[in-house]
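Visitor: Before I ask anything, let me first share the structure, which is written out below as structure tokens.
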Amino acid sequence: MAILKSIGAFFVRIWRWIKETAWVQPLLIVGAIFAVIFSIPYITTWVQGWTGSTQYSFYQARLQTLEGQMIDPTPGQETEADKFANVLEANERVIRQAVADGTYSSLTTEDFDTSYGEKFFFVVWQEDCSACETAEDALRYLDEHWGEYNLRPAISGETFLMHTIDASQESSNDDDDAFLEMGTAPSAFNRWTLQHVDLFQQLSTDWDWQNSAYKVNESIGDDNYLKFFIETSDSADPTEALGSFPVPSIVLVDYTDEAVARNLAGIREVIFSVTGDTTQNQAALLMNMWNHTETPTMTNPFTNYRNY
Numbered sequence: 003m004a005i006l007k008s009i010g011a012f013f014v015r016i017w018r019w020i021k022e023t024a025w026v027q028p029l030l031i032v033g034a035i036f037a038v039i040f041s042i043p044y045i046t047t048w049v050q051g052w053t054g055s056t057q058y059s060f061y062q063a064r065l066q067t068l069e070g071q072m073i074d075p076t077p078g079q080e081t082e083a084d085k086f087a088n089v090l091e092a093n094e095r096v097i098r099q100a101v102a103d104g105t106y107s108s109l110t111t112e113d114f115d116t117s118y119g120e121k122f123f124f125v126v127w128q129e130d131c132s133a134c135e136t137a138e139d140a141l142r143y144l145d146e147h148w149g150e151y152n153l154r155p156a157i158s159g160e161t162f163l164m165h166t167i168d169a170s171q172e173s174s175n176d177d178d179d180a181f182l183e184m185g186t187a188p189s190a191f192n193r194w195t196l197q198h199v200d201l202f203q204q205l206s207t208d209w210d211w212q213n214s215a216y217k218v219n220e221s222i223g224d225d226n227y228l229k230f231f232i233e234t235s236d237s238a239d240p241t242e243a244l245g246s247f248p249v250p251s252i253v254l255v256d257y258t259d260e261a262v263a264r265n266l267a268g269i270r271e272v273i274f275s276v277t278g279d280t281t282q283n284q285a286a287l288l289m290n291m292w293n294h295t296e297t298p299t300m301t302n303p304f305t306n307y308r309n310y
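Per our numbering, the sequence shown starts with residue 3, numbered consecutively.
What follows is the structure, encoded as structure tokens:
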């Protein structure tokens, strides 16, 4: 007890000295101000980590990584992003073959590889992209408020699902001499796009995108669509257009029976920004995109309401 009293008395004497010594007080105040200023970045990081609202964290949590991306990977070398694209390509081939055989109408969900889901958003994004940040906020809002008010799926029981690719992701093999000597595909994303260029270019042929409901209803121009399909002036050199791939590209992939019934199975919806004056309204646009197979309605531009 005596030790505690002596320690307490020591701090009392220090406090009395500070109060009675005028020149010390301004120094302490200035020091405290600088301490607060220098602590702000750390406090912000801590708060963001606590709330889980760090920018791009919603995308990152659903990332198909490009780490180790090769231009022509052998079995066992595929990245997560490769495996994801391989499934998309295989399912598009199923659709293409069924159309050629005249058996499209008999397709069902069971005919597709649904290892990534029967229906999901696929987003290509990058850092330092304000439109990507806006889209992320809207997608997060849609996920958090799924099933509320005007954010209800038209098909009961459907849940939010999304996969993403970061076009700005750096891979540990980006500086490999083999890539540098080629003089093309310098980034992991460009190498991935080069590897799967047929997926995007074939879509341009398989999908009547010029007459898609959203493009027609909203009078959307061709430019970003052509970039998405990696259209080039020289089709023998697809790397010519890789650098202009549009971000964000927000894609809806749908293998449900409803999508087959409306001739919308596979990758048949894509937008390059989310519009709306509030995050809720932007989320509503994405919900309409998700509900692209519902009965045509004037409130959903992803349905063919102008034909009714």
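Here a beta-carbon is modelled for each residue, glycine too, at the ideal position from N, C-alpha and C.
None of these values were measured; they are calculated from a predicted model.
(1) Do ALA190 and LEU288 count as a contact pair if the criterion is CB distance below 9 Å?
(2) By DSSP, does MET300 sit in helix, in strand, or in coil?
(3) Taking the alpha carbon of PRO298 as the reference point, which residue from LEU205, TYR307, MET291 has its own alpha carbon closest?
(4) Measuring CA to CA, which of PRO250, GLU94, LEU228, LEU65 is closest to VAL126?
(5) Give, in chain order, every unbroken run of the beta strand (DSSP E) that is at least 3 residues long and sits entirely within the segment 198 to 273.
(6) Is it right to say TYR1 is buried, meaning 16 or more other beta carbons lie within 10 angstroms of its own, or is it exposed?
(7) Look at ILE157 and TYR216 and say whether their C-beta atoms are less than 9 Å apart.
(8) Give the DSSP-derived three-state secondary structure of THR76 in the structure shown.
(9) Are there three or more Cβ pairs, one per stretch, closer than 8 Å when the segment 165 to 182 is compared with the segment 95 to 106?
(10) Run through DSSP, which three-state label would THR136 get?
(11) Spatial neighbours of THR136 within its chain, please: C-beta separation below 8 Å, excluding the five flanking residues on both sides.
(12) Look at the Cβ atom of THR111, then the Cβ atom of ASP210, and state whether they are nearer than 9 Å.
(13) TYR58 and GLU146 - do their beta-carbons sit closer together than 9 Å?
(14) What separation, rounded to the nearest whole angstrom, lies between the Cα atoms of GLN128 and GLY159?
(15) Using the Cα positions of ASP84 and ASP113, report the straight-line distance between them to the nearest angstrom.
(16) Please classify VAL49: does DSSP put it in a helix, a strand, or coil?
(17) Using a 10 Å radius around the Cβ and a threshold of 16 neighbouring Cβ atoms, would you call GLU271 buried or exposed?
(18) For TRP194 and GLU91, what's the separation of their Cα atoms in angstroms?
(19) So what does TRP127 bridge to, in DSSP terms?
(20) Between which two residues does the alpha helix (DSSP H) containing ALA63 stretch?
(21) Can you give the Cα-Cα distance for TYR106 and TYR257, rounded to whole angstroms?
(22) Is it right to say ALA286 is buried, meaning 16 or more other beta carbons lie within 10 angstroms of its own, or is it exposed?
(23) Could you have a look at PHE114 and say whether DSSP puts it in helix, strand or coil?
(24) Check each candidate in ALA267, TYR118, PHE230 and name the one with the smallest Cα separation from ASN192.
(25) Measuring CA to CA, which of LEU254, VAL101, GLN197 is closest to THR76?
(26) Among the residues of its own chain, which have a CB less than 6 Å from the CB of ILE167, if the five just before and after it don't count?
(27) Does the CB of TYR216 have a neighbour CB from chain C at under 9 Å?
(28) Which class does PHE162 belong to by DSSP, given the choice of helix, strand or coil?
(29) Nearest CA to the CA of TRP148: which residue from GLN282, GLU296, ASN265, HIS294?
(30) By a C-beta neighbour count over all protein chains shown, 10 Å radius and 16 as the cutoff for buried, is ASN213 buried or exposed?
(31) Could you say which of PHE247, SER206, ALA261, VAL218 lies nearest to ASN108 if we only look at CA atoms?
Guide: For this structure:
(1) no
(2) coil
(3) TYR307
(4) Check the Cα spacing between VAL126 and each of PRO250, GLU94, LEU228, LEU65: the tightest is with PRO250.
(5) 251 to 256, 268 to 273
(6) Residue 1 lies beyond the range of the chain shown here (3 to 310); nothing can be said about it.
(7) no
(8) coil
(9) Result no; under three Cβ-Cβ pairs closer than 8 Å.
(10) helix
(11) SER275, VAL276, GLN284
(12) no
(13) no
(14) 31 Å
(15) 21 Å
(16) Its pLDDT being 45, under 50, VAL49 is placed unreliably in this model, and the coordinates cannot settle the point.
(17) buried
(18) Annotation: TRP194 to GLU91 spans about 13 Å, alpha carbon to alpha carbon.
(19) ASP168
(20) First-last for ALA63: undefined, no H or E at that position.
(21) 12 Å
(22) buried
(23) coil
(24) PHE230
(25) GLN197
(26) GLN66, ALA83, VAL126
(27) Going by chain labels, chain C is absent from the structure shown, which holds only one protein chain.
(28) coil
(29) GLN282
(30) Classification of ASN213: exposed, given that the 10 Å Cβ count is below 16.
(31) Residue 108 is actually Ser in this sequence, not Asn. The residue with the shortest Cα to Cα distance from SER108 is ALA261.
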